[in-house]
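Chains as they are written, first to last, in our numbering: chain A, 1 to 385; chain B, 1 to 385; chain C, 1 to 385; chain D, 1 to 385.
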């Protein structure tokens, strides 16, 4: 018998942002931990030193590695022999760029929450930096971690859907249907503050997820769009509802809408793609099933654990069919895949990366441009890398 | 005890169109018969005399009242003491106008399948004629006959939904995903022939239903729209896919899409309306339930037979909850209501009428106008009556 | 061209029961009318002469053919040259037997609401009478009129399901969750009165539908059963909840439960059959779809209008897929089929008949017997015809 | 400002079973890790020394703490100052008892996969041992970790459902529809081997989950049952299908069925409880929603993240509404709660424990007894502790 094959060491993760009261930081930590590929060993969890220390203590981080300045953290961790392998950036949007710069320039890999930056120029700057420093960046478009989303992408790529004709994607929430930001709720406050969130509100927060999901599954980006941004809640400084018409170079047509004032909707990201040979429907709130409707035949309910799915589905799951997986597992999949990427730098990236971030910001800026011209059809930039 | 209250006599119905091979004519006949308010006694079921006679014989119509010329039928029936009370027009679209003119001018009431005409000018002409001759016209926007559609309308009208913010309406079919018209299939042939269907294909055939449903339930018509028409099937002469952005005077926003190439979809008319106080969702393929989602509370599943629904729902149903009603019952409701209207001409109309037809054609023409200007936002005409 | 093929004359229907305040009488009338095969021309709608006359007037029945004595009606109608072709019996259960006897003995065909009688002996008596007089009897087990129920039966019969292993059938309602009979509500009153309903309450009223549906689709009757009857509402004189275990000669096993106190349930008849090759699920409240789950493959959603369904489905429908049909259409299907049977007496019966009624009463009596012996496994009678 | 509050140290977990090729061991490890309360530091992952070492290496367990003899592990770990706090037993069923004995007698806490043992006597022995040694035992009836299951239990306990009348619970799978055990598949092999699984097959494997779920939510155990066990697959040595009728002391009635041959079913555990004031429905395959149906009102869809749910729901979740949680999170909840119990031994147990295991085995033995007497109603033992 061969010698037992030891597991590789856990990768060392640092985190910027994600201190007490944060939401997405905790999600990243569970996601990193779930498949046991990562350990959290350092953090600049807050720019307030007391809060940084307290947050670190709660997470059992060595006080010596609890920083309040992310630049200092980048320098210090890059210098340690047991320094972090990668940093997770889970701050409000406006800090993604400077934090990412600091760590990339220190030669460290990055996991960045989306959107990559608040504007296209910054995103392109990061794109250049990543190449220059030879590091990897994982952008947590977490919905692409779902097994059935990956199965859907594989089915389309294999031609099973035929030519895509119609794309209908939506992301509906209602948590900002009232002026929650006026109450001081932290999540609402920064997400509706252009200085922290960027000029796009709902558009940047969830519209970008919808756009990425459609692109991820269809393998196509729109060529032109016509958009309208609306702010329903009086006094709000960013959009809280967005509607976009899409034209694809292939001739396909699409609609994307996203809202944070859609009463009763929790986190309703849904995609329908109609092709010449089949259609597919996926709903993030029921992520363990995918409707696959071949033309002229009955709709089929594909479930996550089915042996007949494209192999990418099984590779992204942990439990058999009928044992539901959810949001955290999909998020964890990106961490698992990114760990694999870092352990084998020769293999192609298996997670969304800086290029996706650039395309996403191009989408945001094109929507803003079209909306500012009363919905005039506007080209998306064609050369982004 | 009082003398027994006899039922009023059945109203006498004539029919133009609806001969062998037709679809909607048979639907009208079942609808008229279902609640026993009507009897079919005359018809110009085809312009081909043989076919007219054969079709009439199948329907047990007196051969003397089987016409092949609708103008002759209008004259003859208007002259008979036992002549028809109303005519049902179930021809291809382009004949709605001349047939309606003939019967209205003969002083007869009309049931007209939608769309009222193929252009706005004709519709407005009918509007004037109806007033001039003092007749009633029922436009069979049949989806407004569903009990829960009426309940939804009543809930919105009563303010239970609050201010409407977002309207999402869609009507997806797939039966024209292939060039079915090339096979000689009769329904496909005329519906894709501009000479018979008018300039709007999918837009006129089902897009108008979607627009009417949204208007019926919200009580609002859009003020402006931005539209795109697409023809996916090569060689087709009319649109088979339509996408429209909607702006309402109230500030509400909406999206309407309709398609006849949406693979796997049968007759999927769906409406979601999000208001400040609640949201509602209705799906024509599951018409016995309505999702009602009050803000901050659980979604409720309202079912057709519930005692707590607005009274208009109970008035439009025949069976208790759990005994599904469907398309034919909703269609029949218009016939039942129209019979009531004709028996009590003093009461306000309880069915969609000529004004709805005019607004619908205005919608069609505005969509065509916007689409022809690359989706420029275009005002709907504000004065239509 | 051939001479036009005239439609056969409408069959003439009489009705016993179904006067003002009745439920199922109105359903039968709509069902008979829907496909235009029948006209209602006579009735003993009530045993109260005033009420009989008033009810007849509402239905436009010739006063000369409004009877208050069903025996007189049988005699008189049998003697008329334009007498009824068949009678519909829509009385409380205890009258089914004497009314059916009277009309059968007069040589008239019968449509009888279920259950056929209140006991097996009476049912067998009717079985003998029907044979003796050569008449046809249609027992309105209306759920067997649904197109997808017929498709399911055909799929099982064709061996597509393989060997049946498990049958799960249930019929849940809640309208008797309170002692509604104490309020004088007419439907509740007679259905909970053993003198009118027979000894079986929920068991006879809806349990028999569940049993018939399972038998109709699987093509098998149970061989043995173990049953428990419960009366939840204090003071009620019949069962309001029934649970039955089933053993089939084939080795299949099953559970049947029916309840009229299942809070929140309207008319929830559901069947699941698991076979060695596939499973099927059908739900009366969503009757336009059938889940078909082949072993090791994705579940398929079969919809009513699909071309690939067994031909019996298309033969039992009126509208294309996506245009929902419901309870009344399924009921009407029995009337349409029975009209066809009467017009072609040589063809095999296409509707449930007296033998089904006998088997149903045998089921009821076996359940009563088992329940009275604390659920002891009890054989169903094997020779019933 | 106060000194930062450090997190308590992670509890140290050992594992018996769960080596390469196992299923539930991996689930336990993820569950233990997910909320960061536990670290896996020792294991007797296999009784084969090579396999034990290899499995340990894959999990980064110190080779010095990779045992092949669970008794040695119990002794050694109990003796170490940094020894495990608790052991997770994830072996086939027949080993639960000896392993649990060894660790309890060593004074260590236990997490035991269900069923607790293969017979009631052993379970009662463990019950006594646990008391004698003052240790805690967590039985991983994982479905009770779902937030909405806990919400349901709280709603029933608060009287919101009224008196329970009807319990319908089922657990349907199909993975043993063929004789998979003949192929050497490890999971199938031991689960159908009475020597390893105990005398109950499907009954013990999933029937016990169904029984526990019903008990957990209703707060009631049945008083009597009538059962039937079936083996559909020829040659199989244990039951693969079970049907049970339930009588409760309160007068409630119920049905439980479980199957591993129900074609097309993955892991379909479903519960419906009908009470005098409301009904509830929960489906493990859609665990983020709970249908709550108040009598005479619309059904409500309660979702996991709703603020209005009983507080126990929020305490058992990690993500906001609309971000689905699943099987692993529910499982993790037991580990999180058990960690809390061990850190505060004074508080009442917050997870299912040895008493639940005893009741579960009593259920199993009563089912076996009833089934062996042709379904005779059989009392469950009333004194179990």
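Ideal placement from N, C-alpha and C gives every residue a C-beta, glycine not left out.
What are the boundary residues of the alpha helix (DSSP H) that residue i is part of?
i: residue 337 of chain D; result: 327 to 343
i: residue 66 of chain C; result: From DSSP, residue 66 of chain C is part of no alpha helix (DSSP H); its letter is neither H nor E.
i: residue 222 of chain B; result: Not the alpha helix (DSSP H): residue 222 of chain B falls in the beta strand (DSSP E), residues 222 to 230.
Comparing alpha-carbon positions, which option in the options lies nearest residue i?
i: residue 18 of chain A; options: A/37, A/12, A/68; result: A/68
i: residue 215 of chain A; options: A/267, A/239, A/149; result: A/149
i: residue 242 of chain C; options: D/254, D/146, D/55; result: D/254
i: residue 173 of chain D; options: D/353, D/207, D/378, D/219; result: D/207
i: residue 235 of chain B; options: B/160, B/179, B/99, B/70; result: B/179
i: residue 167 of chain A; options: B/324, B/258, B/368; result: B/258
i: residue 348 of chain B; options: B/137, B/53, B/9; result: B/137
i: residue 97 of chain D; options: D/28, D/197, D/155; result: D/197
i: residue 61 of chain B; options: B/280, B/80, B/39, B/75; result: B/39
i: residue 107 of chain A; options: A/139, A/322, A/73, A/270; result: A/73
i: residue 71 of chain D; options: D/59, D/54, D/82, D/89; result: D/89
Give me the chain A residues within the contact set of residue i, using Cβ-Cβ distance strictly less than 8 angstroms, ordered along the chain.
i: residue 321 of chain D; result: 266, 267
i: residue 255 of chain B; result: 243, 255, 257
Taking Cβ-Cβ distances shorter than 9 angstroms, what residues in chain C pair up with residue i?
i: residue 279 of chain D; result: 174, 262, 263, 264, 265
Using a C-beta to C-beta distance shorter than 8 angstroms, which residues of chain C count as neighbours of residue i?
i: residue 302 of chain A; result: 298
If you run the structure through DSSP and keep just helix, strand and coil, what is residue i?
i: residue 289 of chain C; result: strand
i: residue 87 of chain A; result: strand
i: residue 384 of chain D; result: coil
i: residue 14 of chain C; result: strand
i: residue 254 of chain C; result: strand
i: residue 241 of chain B; result: strand
i: residue 129 of chain D; result: helix
i: residue 323 of chain D; result: coil
i: residue 29 of chain C; result: helix
i: residue 136 of chain D; result: coil
i: residue 358 of chain B; result: helix
i: residue 7 of chain D; result: coil
Please report the residue range of the beta strand (DSSP E) in which residue i lies.
i: residue 112 of chain D; result: 109 to 112
i: residue 43 of chain B; result: 38 to 44
i: residue 350 of chain D; result: Residue 350 of chain D -> no beta strand (DSSP E), and no H or E assigned at all.
i: residue 422 of chain A; result: What is shown of chain A runs 1 to 385, which leaves residue 422 of chain A out entirely.
i: residue 56 of chain C; result: Run containing residue 56 of chain C: none in the beta strand (DSSP E); it sits in the alpha helix (DSSP H), 49 to 58.
i: residue 187 of chain A; result: From DSSP, residue 187 of chain A is part of no beta strand (DSSP E) but of the alpha helix (DSSP H) over 186 to 191.
i: residue 302 of chain A; result: 299 to 303
Note down, in chain order, every chain C residue with its Cβ under 7 angstroms from the Cβ of residue i.
i: residue 306 of chain A; result: 298
At 7 angstroms on the CB atoms, spell out the chain A contacts of residue i, in chain order.
i: residue 230 of chain B; result: 253
Closer than 7 angstroms by beta-carbon distance: list the chain B residues that pair up with residue i, in chain order.
i: residue 14 of chain C; result: The premise fails here: residue 14 of chain C is roughly 16 angstroms from chain B at the closest Cβ pair, so nothing lies under 7 angstroms.
Listing by chain order, which chain D residues have their CB less than 9 angstroms from the CB of residue i?
i: residue 334 of chain A; result: Per Cβ cutoff of 9 angstroms: no residues; residue 334 of chain A is ~15 angstroms from chain D at best.
Nearest chain F C-beta to residue i closer than 7 angstroms, yes or no?
i: residue 71 of chain A; result: Protein chains A, B, C and D are contained in the structure displayed, whereas chain F is not.
What ranges does the beta strand (DSSP E) occupy inside the stretch 150 to 175 of chain A, keeping only unbroken runs of at least 3 residues that lie completely in it? Unbroken beta strand (DSSP E) stretches of 3 residues or longer found wholly inside the stretch 150 to 175 of chain A: 164 to 172, given in chain order.
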